[in-house]
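Quick note on my numbering: the sequence shown kicks off at 702 and runs consecutively. Where a beta carbon is used, it is the ideal one built from N, C-alpha and C, also for glycine. Structure record follows, encoded as structure tokens.
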Amino acid sequence: MEFKFITHDNHDAYFNLASEEYLLKQTDGYYFYLWINEPSVIVGVNQNAIEEVNLAYTEQSGVKVVRRLTGGGAVFHDYGNLCYTVIAPYDGTENAYKKFTAPVIEYLNSLGVKAEFSGRNDITVDGQKISGNAQTVHGNRIMHHGTLLFSSDMTGLTKSLNPSKLKMQSKGIKSVRARVTNISEHLKSKITIEEFKEGLKKVFLKNASEYEFADKDLTAINKLVLDKYSTYKWNIGRSPKAQNDFAFKFPFGIFKLSFDTENGLIWNANISGDFFSYKDINGITVRLNGVKFNREEMKKVFMDIDKYIVGANAEEILNEIFK
């Protein structure tokens, strides 16, 4: 069966991740898909987003955090990062990663980039990572997708994937940080990401015809966006249970906060330290239970902490937790 090639200018990470699930689970065709996300962090299906992502930075910067269907570590996407997805019948190939990355590596080599397959699922140049790949099987079909760092903003990448100072013990899958580089730095002749995209498109169009999402496709994809990919429950709440400990010396004294996170919510909160108090601090900890782990929700609880702890300041505490 001939592949259908999809390309469009929708940079919404919710939409692009939802479209992958739709094509994998709700169609029976063969697809190749090129897409670029606006700045966003994409976390693996089994990861603890609270542990892996600097949620304070992503919230302040408008960077979306989206959970994908595949395993592996958290990655940063922006307009300098080209993503590709292949959906096809699964034939039981043991190392399908090499099979699906081969055309990409061949294309990179044709541009003078000395790319090679490395480790379990990476494409590297001189030992530096330019592409991470992941796969999932649904029924008798497989989805393979990968990133291609072309001219990505390394500052945004570093800040987004640098979690808070909370000391966390989690059963989630940890990201393995690797040395990364942009493809543009290794090109013999400079080209734009759009030119790079068009070149890769031609490689796959040898065996594919172009396809645009029909209205029925868009309706189903947008339903997935609304019901799943744009929700706190899927993106953050699905995080595995974790224990979190925070301790810092403020002008008002040592402040220690411990709590569990489960389904993205705070439970079993406890506050201790050598500070002086006006009244029982349990008045704060009880209110923390069941609250989403994000700055705005915690701020509502801490806003009157100065009425409990002498000299305490809510903003000062939150600034350290979400640093």
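When rounded, the separation of the alpha-carbon atoms in A948 and E722 is 41 Å. The secondary-structure analysis by DSSP pairs D961 across a beta bridge with Q944, W968.
Between D961 and K980 the beta-carbon gap is near 25 Å, outside 8 Å, which marks them as no contact.
In the structure shown, V838 adopts extended strand secondary structure according to DSSP, grouped into three states. Counted as a single uninterrupted DSSP element, the beta strand (DSSP E) harbouring F733 occupies residues 732 to 736. For E752 and G773, the gap between their C-alpha atoms comes out near 14 Å. P804: member of the alpha helix (DSSP H) spanning 797 to 811, first to last residue. Inter-segment contact for the stretch 771 to 790 and the stretch 734 to 741 is present: three or more beta-carbon pairs are separated by less than 8 Å. Secondary structure note for R996: it is in no beta strand (DSSP E), and the uninterrupted alpha helix (DSSP H) holding it is 996 to 1003.
A contact between stretches requires three or more CB pairs, one per stretch, nearer than 8 Å, and the stretch 848 to 862 meets this requirement with the stretch 750 to 769. Just so you know, the alpha carbons of N841 and L812 end up roughly 35 Å apart. The three-state reading of DSSP puts D823 in strand, counting E and B together.
Inter-residue distance for S885 and E807 is about 16 Å (C-alpha atoms, whole angstroms). Boundaries of the alpha helix (DSSP H) harbouring T856: 855 to 861, taken from the DSSP string. No Cβ-Cβ contact shorter than 7 Å links H839 with F801. Look at Q829 here: in three-state DSSP terms it is strand. By the Cβ rule, the stretch 744 to 751 does not count as touching the stretch 915 to 934, because fewer than three pairs are nearer than 8 Å. Assignment of beta-bridge partners to G954 by DSSP yields F951. Within its own chain, the residues whose Cβ lies closer than 8 Å to the Cβ of V754, once the five positions on either side in sequence are excluded, are V742, V744, V766, A775, S861, L862, P864, listed in chain order. By the C-beta density criterion, F977 is exposed, having fewer than 16 other C-beta atoms within 10 angstroms.
Shown here, S741 sits in a strand according to DSSP, grouped into three states. If you draw a straight line from the Cα of L756 to the Cα of E896, it is about 33 Å long. The C-beta of D823 has 16 or more other C-beta atoms within 10 Å across all chains shown, which makes the residue buried. About 11 Å separates the Cβ atoms of G965 and G991, ruling out a contact at the 8 Å cut-off. Counting along the chain, F716 sits inside the alpha helix (DSSP H) bounded by residues 714 to 727. Annotation for N1014: D1007 place their beta carbon closer than 7 Å to its own, counting only its chain and skipping 5 residues before and after. Of the residues S819, D928, K907, the one whose Cα lies closest to the Cα of R880 is S819. F733 places its beta carbon less than 7 Å from that of A909. When secondary structure is reduced to three states using DSSP, G984 falls in the helix class. In this structure, DSSP gives V776 an extended state, which the three-state scheme calls strand. One Cα belongs to L888, the other to I955, and the distance between them is close to 53 Å. Note on G857: 16 or more other CB atoms within 10 angstroms of its CB, so buried under the neighbour-count rule. Rounded to whole angstroms, E817 and R996 show a C-alpha spacing of 42 Å. DSSP, reduced to helix, strand and coil, places T708 within a strand of the structure shown.
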